[in-house]
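Asks:
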Amino acid sequence: MSTSSVTAAPGGRATGSAVRRRHRRSPAARREARWAYVFIAPWIVGFLVFQAGPMLASLWLGFTEYDVINAPTWTGLDNYRRIAEDPAVLRSLTNTVYYTVLHVPLTMAVSLGLAMLLLRVGRLQGFFRTVFYLPVMTPTVAVGVLFLLLLNTQDGLVNRGLALVGIDGPAWTTDPGWVMPGIVLMSLWSLGSTVIIYLAALQNVPRDLYEAASLDGAGAWSRFRHVTVPMISGSLFFTLIVNTIASLQMFTEVYTMYFGNRQTQNAFNSDAASFYVIRLFQEAFQFLHMGYASAMAWLLFLVILVITVVQVRLSRRFVYYEGEDR
């Protein structure tokens, strides 16, 4: 037996061919790896063809002038300069940020309140959990049409309900000052998924923490602030990121309500409902400014990326995970 095949380094570590044999995979492991690649191949192909490929193409188109009909013409950073000077784009971006600032905190607060109520309903919890989640399954186009009828100024159900208590309902769909509150109200229709996440997090909070806090004289608010919130902070952080990203990409419901038919467009001449993705869609498929729209899409991607990174960095100060050293 040669010394090169079986040797040991100081401390008992094998060297030479022994190390090579240790790292050499068996035929069964190689066969298993090949089958793994076969099974994930459809996803890889789909990702390259339908996601990575179009993203790279739009990145290049963002530096061109392209109307779909004629060949793209390289323009460098002109599209991005135009975005910074376009009042319609800046207005739509302002509306989107305004909606996000209203929608995200309100959705999280209402969802947390509903989740805490669900903890107290006992055997009916499963029923109400289903009831709260069912609206999430409603097609977004149907939601837009539904709330266009509910928020109708003359005979909408919302204004009729307000009239019963002596309140003169506003013009939700035509008054520029009430358009955004109406859209935020509509967005609360689909908060069921956030409620379910919070309910699961609340159910995992150890009961003995509440008992210890009560023995120390903590009231309901102190228990909520110092026990509940820290223990569910991971779920709060997750929904903050998810709802922020979704809010910045708001499109279908608002487009259906205000831009989906000519009668609504003719009756509504304000830009109060113009969201960034709606403007992007119009530039791409209505005006055929595909290069400009591609630049807008990448700008939105960068905005979402920056906001998410900031949220992740700030979360290190406020998010608590059980078992984590502080």
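Residues 1 to 326 in full-length UniProt numbering are what the sequence shown lists, from first letter to last. The beta carbon of each residue, even a glycine, is placed where N, CA and C say it ideally should be.
Would you kindly work out how many angstroms separate the C-alpha atoms of residue 330 and V110, rounded to a whole number?
Replies: The requested residue 330 is not part of the displayed model; the chain covers only 1 to 326.
Asks: Quick check: what's the CA-CA separation for M231 versus V179?
Replies: 37 angstroms
Asks: Where DSSP assigns a beta bridge to W74, which residues make up the other side?
Replies: T64
Asks: Between I196 and P206, what straight-line distance do the alpha-carbon atoms span, to the nearest angstrom?
Replies: Between the C-alpha atoms of I196 and P206 there is a straight-line separation of about 18 angstroms.
Asks: Assuming L150 and V158 form a contact by the criterion Cβ under 8 angstroms, report the distance between their Cβ atoms to the nearest whole angstrom.
Replies: 5 angstroms
Asks: Is the beta carbon of T252 less than 8 angstroms from the beta carbon of G144?
Replies: yes
Asks: Alpha carbon to alpha carbon, what distance is there between S247 and F259?
Replies: 18 angstroms
Asks: Are the Cβ atoms of L106 and V184 separated by less than 8 angstroms?
Replies: yes
Asks: Measuring CA to CA, which of V38, A201, D67 and T244 is closest to G234?
Replies: A201
Asks: What's the gap between the Cα of W189 and the Cα of L112?
Replies: 15 angstroms
Asks: Going straight from the alpha carbon of W297 to that of V104, what length do you get?
Replies: Correcting the residue type first, residue 297 is Ala in the shown sequence and not Trp. Each residue's alpha carbon lies about 22 angstroms from the other.
Asks: Look at H226 and A220 and say whether their C-beta atoms are less than 8 angstroms apart.
Replies: no
Asks: Specify the secondary structure class of P135 as computed by DSSP and reduced to three states.
Replies: P135 sits in a helix when the DSSP states are folded into three classes.
Asks: Indicate whether L117 and F132 have their beta-carbon atoms separated by less than 8 angstroms.
Replies: no
Asks: Identify every run of the alpha helix (DSSP H) within the stretch 188 to 229, keeping only runs that are complete inside it and at least 4 residues long; order them along the chain.
Replies: 192 to 203, 207 to 215 and 220 to 223
Asks: Rounded to whole angstroms, what is the Cα-Cα separation between V68 and R316?
Replies: 46 angstroms
Asks: Residues in the same chain with beta-carbon distance under 6 angstroms from V277, minus the five sequence neighbours each way, listed in chain order, please.
Replies: Q249 and F251
Asks: Measure the alpha-carbon distance for F127 versus L148 and round it to whole angstroms.
Replies: 28 angstroms
Asks: For N243, which residues from the same chain have a beta carbon less than 8 angstroms from its beta carbon, with the 5 sequence-adjacent residues on both sides left out?
Replies: H103, V104, T107, M108 and T194
Asks: Short check: CB of V319 to CB of F237, under 8 angstroms?
Replies: yes
Asks: If you drop the 5 nearest sequence neighbours on each side, which residues of the same chain put their C-beta closer than 6 angstroms to that of H289?
Replies: Once the five neighbours on either side are set aside, the close Cβ partners of H289 are E283.
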